[in-house]
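K.L.:
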Amino acid sequence: MKRYALHLLLLANAALLILLAWMWVAPDGSVRNVHWQEPTPHRTDFAAMLPALPGVTNADTGQFIAMLDRPLFAFTRRPPPPPPPPKAAEEVQVDNLSTARLSGVFVGDGAGGIIIEVAGKHRRARLNDNIEGWTLQSINGRNVTFVKGDQSRVLQLPRAAVTSYTGMAPAAPVSAPTSIGRGAVQPPARSAPPRATFGGRS
Numbered sequence: 293m294k295r296y297a298l299h300l301l302l303l304a305n306a307a308l309l310i311l312l313a314w315m316w317v318a319p320d321g322s323v324r325n326v327h328w329q330e331p332t333p334h335r336t337d338f339a340a341m342l343p344a345l346p347g348v349t350n351a352d353t354g355q356f357i358a359m360l361d362r363p364l365f366a367f368t369r370r371p372p373p374p375p376p377p378p379k380a381a382e383e384v385q386v387d388n389l390s391t392a393r394l395s396g397v398f399v400g401d402g403a404g405g406i407i408i409e410v411a412g413k414h415r416r417a418r419l420n421d422n423i424e425g426w427t428l429q430s431i432n433g434r435n436v437t438f439v440k441g442d443q444s445r446v447l448q449l450p451r452a453a454v455t456s457y458t459g460m461a462p463a464a465p466v467s468a469p470t471s472i473g474r475g476a477v478q479p480p481a482r483s484a485p486p487r488a489t490f491g492g493r494s
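For the sequence shown, my numbering gives the first residue as 293, with consecutive numbering after it.
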């Protein structure tokens, strides 16, 4: 292979020389591209390169007045207030107090409250507490008064739910003694106290 390497290089160089001669020498023997040719001039329209200017219109002077009222670098500059939020549709409130049921009433010194079942849930409330938008105003016996604005509503505690609490544990029932093959058990008689005598006991 090394033996023919020199021959291959010579052939490659000869091929390159022939290619260069073909590119530079014309068939008539003249050299190509040796004379400079003036290019065709191109006219540039600079007016078309400029952006179009807006037409004359009436300026909004209100913006300039706003800039004067609120200078850009003033310490008191604040953004304009946000627009008011849209009014959401008012939710229809369910009158749960109309189906409420009193379960208990407790009254103390200067205080009182109730146990009421509202919407299936038992709740405790004291005087002036709010329940479903109604305020517990007063407790008169078994009658409980709620107010809401100019409206008032009275709920009555059922008699079956009235209970009394004394604070004492109920007494245990006393069973009567029974006799099985003997007489009734009698309590032991109280013995007379000893009497002091001279010379000892009598």
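Virtual Cβ for every residue (Gly too), placed ideally from N, Cα, C.
All values derive from a computational prediction rather than experimental measurement.
Over what stretch of residues does the beta strand (DSSP E) that includes His-414 continue unbroken?
P.N.:
Taking the sequence shown and counting its residues from 1, one reaches residue 414 at position 122. Where His-414 is concerned, the enclosing beta strand (DSSP E) stretches over 413-418.
K.L.:
Going by DSSP, what residue range makes up the beta strand (DSSP E) through Ala-403?
P.N.:
Taking the sequence shown and counting its residues from 1, the one referred to as residue 403 is at position 111. Element bounds for Ala-403: 403-410.
K.L.:
Which residue or residues does DSSP assign as beta-bridge partners of Val-446?
P.N.:
Position 154 of the sequence shown holds residue 446. According to DSSP, which records beta bridges pairwise, Val-446 is partnered with Thr-437.
K.L.:
Drop a sphere of 10 angstroms on the beta-carbon of Leu-428, count the other beta-carbons inside from all chains shown, and report buried for 16 or more, exposed for fewer.
P.N.:
Against the sequence shown, residue 428 aligns to sequence position 136. Classification for Leu-428: buried.
K.L.:
Take Thr-458 and list the residues in its own chain whose beta-carbon comes closer than 8 Å to its own, dropping the five residues that flank it on each side.
P.N.:
Translated into positions along the sequence shown, residue 458 becomes position 166. Confidence in Thr-458 is poor, its pLDDT being 46 and thus under 50, which makes the residue's placement unreliable; the coordinate value appears in the next sentence. There are no such residues.
K.L.:
Could you tell me the distance, in whole angstroms, from the CA atom of Met-315 to the CA atom of Ala-339?
P.N.:
The sequence position of residue 315 within the sequence shown is 23, counting from 1. The sequence position of residue 339 within the sequence shown is 47, counting from 1. Distance between the alpha carbons of Met-315 and Ala-339: 44 Å.
K.L.:
May I ask you to report which of helix, strand or coil DSSP gives Gly-396?
P.N.:
On the sequence shown, residue 396 is found 104 positions in, with the first residue counted as 1. Strand, per DSSP.
K.L.:
How would you call Ile-408, buried or exposed, if buried means at least 16 neighbouring beta carbons within 10 angstroms?
P.N.:
The sequence position of residue 408 within the sequence shown is 116, counting from 1. Label assigned to Ile-408: buried.
K.L.:
Compute the Euclidean distance between the alpha carbons of Arg-445 and Arg-362, then round it to the nearest angstrom.
P.N.:
Working through the sequence shown from its first residue, we reach residue 445 at position 153. Working through the sequence shown from its first residue, we reach residue 362 at position 70. Near 56 Å, if we compare the C-alpha coordinates of Arg-362 and Arg-445.
K.L.:
Ignoring anything shorter than 4 residues, give me the alpha helix (DSSP H) runs that lie fully in the region 294-348, in order along the chain.
P.N.:
Counting whole runs of 4 or more residues, the region 294-348 contains the alpha helix (DSSP H) stretches 294-316 and 338-341.
K.L.:
Are the Cβ atoms of Trp-426 and Leu-389 separated by less than 8 Å?
P.N.:
Taking the sequence shown and counting its residues from 1, one reaches residue 426 at position 134. Taking the sequence shown and counting its residues from 1, one reaches residue 389 at position 97. Closer than 8 Å, so yes.
K.L.:
Along the alpha helix (DSSP H) that carries Thr-391, what are the first and last residues, could you check?
P.N.:
Here residue 391 is taken as the residue at index 99 of the sequence shown, counted from 1. Careful: Thr-391 lies outside any alpha helix (DSSP H) and carries neither H nor E.
K.L.:
Which residues in the same chain have their Cβ closer than 7 Å to the Cβ of Ser-471, if we skip the five residues on either side of it in sequence?
P.N.:
On the sequence shown, position 179 is the one that residue 471 refers to. Interpretation of Ser-471 is limited by its pLDDT of 44, a score under 50 that renders its predicted location unreliable; the figure taken from the coordinates is listed afterwards. Around Ser-471: no qualifying Cβ.
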